[in-house]
Amino acid sequence: MPDAQNQIVTVAVTGASGAILAQKALALLEADVRVARIHLVVTEAGQRLFAEELGLSSGDLRQLPDRLLNRPAAKIEVLPNKDVGASIASGSYAVDSMLVIPCSMGTLAAIASGVSDDLVSRAADVMLKEGRKLVLCVRDTPFSRIHLENMLRAQEAGAVIMPAVPSFYHQPRTIDDLITQYVCRVLAQIRLAQEQMYRWTGHPAPKEAKA
Ligand SMILES: Cc1cc2nc3c(=O)[nH]c(=O)nc-3n(C[C@H](O)[C@H](O)[C@H](O)COP(=O)(O)O)c2cc1C
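For the sequence shown, the residue numbers in the working numbering are 6 to 216.
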């Protein structure tokens, strides 16, 4: 299937460890000519994670994309998580795909049980009911039975469960190598395969491979 053009993508950031994954996903999406619009929703705990892990203190949320990317982020529109009446809360608004990156166990539970009391869980609910692509980059360790059952429930409803687990077959040398390969694999799930994604060919990666 060919890659799509003029994609509208929702990126939800929740309070699980891995704010750097959201930062990388937003940078790649912003730079991708196939992406027309990115709707960004950050939960309260997600904002805290940006502060704890990236040193980005919460201020005016509308300035967050530029601060995250260190340059003007023209395609990214920040939507308040409390605004359950925002565009992406309706199935009539044509979002092509949604990433929850990283996805906390709390948000996973809300999605798996259909609780739509904030914009992240409502937008995810819409993706499932409309049969659109929803990728949950879940992160915690270890997983409890409740977490695992919620993952199964969400997967059975159509979500892709993409645990924030790095790979090593591409011989990463830096944290950025690990992050980039993982995020590229996430983007490939929404038909936005990236050139820098390492693809296994049956042989070890050449030594100069970056990600
Ligand atoms: C520094 C920090 C790291 C956290 N890491 C995780 C995590 O990896 N996974 C997780 O499920 N929750 C984690 N939490 C807990 C969630 O943030 C918490 O359950 C929160 O209520 C989730 O809310 P949200 O889903 O609305 O973002 C972490 C919290 C903090 C402060």
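Ideal placement from N, C-alpha and C gives every residue a C-beta, glycine not left out. Keep in mind the model is a prediction, meaning the values are calculated, not measured.
1. Based on Cα-Cα distance, which residue from L197, R150, Y174 and E154 lies nearest to G207?
2. Quick check on E49: does DSSP put it in helix, strand or coil?
3. For S102, which beta-bridge partners are listed by DSSP?
4. Which residue's Cα is closest to the Cα of Q52: A9, L153 and P107?
5. Around the Cβ of R76, are there at least 16 other Cβ atoms within 10 angstroms (buried) or fewer (exposed)?
6. A125 to A36, Cα distance in whole Å?
7. To the nearest angstrom, how far is the alpha carbon of T179 from that of S97?
8. Look up I81 in the DSSP assignment and say whether it is helix, strand or coil.
9. For I25, which of helix, strand or coil comes out of DSSP?
10. Helix, strand or coil: how does DSSP classify A198 here?
11. Can you check which of these residues, L192, A193 and Q186, is closest to A210 by C-alpha distance?
12. Any heavy atom of ligand 1 inside 8 Å of the beta-carbon of T19?
13. Does at least one heavy atom of ligand 1 sit under 8 Å from the Cβ of G51?
14. Please classify P171: is it buried, with 16 or more other beta-carbons within 10 angstroms of its beta-carbon, or exposed?
15. State buried or exposed for R204, treating a residue as buried only when at least 16 other CB atoms are found within 10 Å of its CB.
16. Using a 10 Å radius around the Cβ and a threshold of 16 neighbouring Cβ atoms, would you call L153 buried or exposed?
17. Between A115 and ligand 1, is the CB less than 8 Å from at least one heavy atom?
Looking at the atomic coordinates:
1. Walking along the sequence shown from the start, residue 207 turns up at place 202. That would be Y174, whose Cα lies nearest to the Cα of G207.
2. Along the sequence shown, read from residue 1 onward, the residue named residue 49 stands at position 44. Three-state result, E49: helix.
3. Translated into the one-based positions of the sequence shown, residue 102 becomes position 97. S102 is bridged to V14 and K138.
4. Here the question's residue 52 lines up with position 47 in the sequence shown. Just measuring C-alpha positions, the residue of A9, L153 and P107 sitting nearest Q52 is P107.
5. The residue given as residue 76 occupies position 71 in the sequence shown. Answer is exposed; the Cβ neighbour count stays below 16.
6. For the purposes of this step, residue 125 is identified with residue 120 of the sequence shown, where counting begins at 1. For the purposes of this step, residue 36 is identified with residue 31 of the sequence shown, where counting begins at 1. A small correction: the amino acid at residue 125 is Val; Ala does not occupy that position in the sequence shown. Cα-Cα distance, rounded: 24 Å.
7. Here residue 179 corresponds to residue number 174 of the sequence shown, with the count starting at 1. Here residue 97 corresponds to residue number 92 of the sequence shown, with the count starting at 1. The straight-line gap from Cα to Cα measures roughly 42 Å.
8. Residue mapping note: residue 81 aligns to position 76 of the sequence shown, counting from 1. Here I81 sits in strand by DSSP.
9. Numbered from 1 along the sequence shown, position 20 holds the residue referred to as residue 25. Helix, per DSSP.
10. The residue given as residue 198 occupies position 193 in the sequence shown. Coil, per DSSP.
11. As a first step, residue 210 must be located in the sequence shown, where it is residue number 205. A210 has its Cα closest to that of Q186, out of L192, A193 and Q186.
12. Counting from one through the sequence shown, the residue named residue 19 turns up at place 14. Answer for T19: yes, Cβ within range of ligand 1.
13. Your numbering for residue 51 matches position 46 in the sequence shown. Result yes, Cβ under 8 Å from ligand 1.
14. Here residue 171 refers to the residue found at position 166 of the sequence shown. Flag for P171 reads exposed.
15. By one-based count along the sequence shown, residue 204 stands at place 199. Per the 10 Å Cβ criterion, exposed.
16. Indexing the sequence shown from 1 puts residue 153 at position 148. It is exposed - the Cβ of L153 has fewer than 16 other Cβ atoms within 10 Å.
17. Locating residue 115 in the sequence shown gives position 110, where the first residue counts as 1. Answer for A115: yes, Cβ within range of ligand 1.
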